[in-house]
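Right, one structure below, let's go through it.
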Ligand SMILES: NC(=O)c1ccc[n+]([C@@H]2O[C@H](COP(=O)([O-])OP(=O)(O)OC[C@H]3O[C@@H](n4cnc5c(N)ncnc54)[C@H](OP(=O)(O)O)[C@@H]3O)[C@@H](O)[C@H]2O)c1
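In my numbering, the protein residues as written are 223 to 507.
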């Protein structure tokens with residue numbers, strides 16, 4: 223596995239982390255149709271990633287997967303794993319942030335969270351109140367770093383200003399080959415402030431298909447140049463080849479996909495290959 227600095231934290235993290243949001247639609251349908259729950263499959267996928275050095279996991283109180291993460295990391299050295307979780311947008315008043323954090327610590331069976339992220343902004347609660355609670359949690363040793371998610375640049379600047387004794391470590395935003403919206407303002411700002419970016423939907427939420435003929439042709443050529451890499455591996459490598467501070471967090475529900483994703487590291491796309499990929503796709507900007 224290859225590792226790189228996570229913003230200004232001094233931590234070195236693998237080039238990608240493991241997302242753990244399994245679509246609730248599937249969970250509900252499985253219950254309805256009495257299908258076998260897939261949590262064993264998900265657990266094995268996370269363990270397979272950990273075994274291959276992907277010691278960076280993203281979850282959230284709203285996902286219902288913190289207990290799964292706890293199972294996956296049990297018996298491993300806690301300081302060798304970086305856990306990112308999130309507080310939901312309705313829990314952003316001071317007392318609720320503390321309560322949510324304690325709930326996540328219990329679910330995760332750990333005494334601290336590496337990165338605690340505000341899942342979505344909430345206009346009805348002052349960011350200064352939320353950040354006061356976040357800084358209290360840092361002081362108490364319950365969280366190490368503070369992050370945000372789904373904040374506009376304006377909201378991000380307000381979040382940074384609201385912090386008195388800590389820097390904002392990261393933001394988490396949708397970003398991929400098919401969605402380049404954050405390139406116009408958030409990415410340049412994060413680069414300048416040495417902040418990490420967690421890219422969610424890095425595989426286009428599973429829709430980065432080869433239904434686009436020119437993308438398929440580009441992927442086939444690029445794959446030949448790099449020993450037969452797959453579309454997913456190329457799409458993940460695009461992040462590492464293009465940026466120093468962006469960490470995609472693909473979700474993989476099975477061991478095959480996780481292992482394939484591990485094969486996205488250890489090599490780089492050329493500038494020409496990056497341009498070709500981007501020009502064959504109509505990117506949201
Ligand atoms: N902050 C936020 O508001 C927010 C919102 C959404 C998501 N997230 C985070 O971001 C993570 C990723 O988002 P996402 O899961 O929705 O989208 P994604 O990672 O772009 O796409 C997931 C899809 O890609 C498939 N996949 C993974 N590896 C593959 C491979 N090697 N080959 C082929 N297909 C592969 C998965 O299939 P299988 O599942 O079958 O392996 C799944 O269908 C989430 O798990 C969550 O942690 C954050």
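Beta carbons are placed, not taken as given, at the ideal position from N, Cα and C, and that holds for glycine.
Once DSSP output is grouped into helix, strand and coil, what is the label at residue i?
| i | result |
| --- | --- |
| residue 331 | coil |
| residue 481 | helix |
| residue 405 | helix |
| residue 455 | helix |
| residue 336 | strand |
| residue 469 | strand |
| residue 377 | helix |
| residue 463 | helix |
| residue 449 | coil |
| residue 370 | strand |
| residue 265 | helix |
| residue 390 | strand |
| residue 344 | coil |
| residue 487 | coil |
| residue 287 | coil |
| residue 492 | coil |
| residue 321 | helix |
| residue 314 | coil |
| residue 270 | helix |
For my contact list, residue i and residue j are in at a C-beta cut-off of 8 Å; report their separation, rounded to the angstrom.
| i | j | result |
| --- | --- | --- |
| residue 394 | residue 420 | 4 Å |
| residue 373 | residue 384 | Rounded, the Cβ-Cβ distance is 12 Å, inconsistent with contact. |
| residue 424 | residue 392 | That belief does not hold up - the Cβ atoms of residue 424 and residue 392 are roughly 15 Å apart, past 8 Å. |
| residue 453 | residue 468 | That pair is no contact at about 19 Å. |
| residue 379 | residue 417 | Not a contact, Cβ separation roughly 12 Å. |
| residue 237 | residue 487 | 5 Å |
Report the partner residues of residue i according to the DSSP bridge assignment.
| i | result |
| --- | --- |
| residue 305 | 279 |
| residue 225 | 236 |
| residue 396 | 422 |
| residue 241 | 280, 473 |
| residue 365 | 335 |
| residue 506 | 401 |
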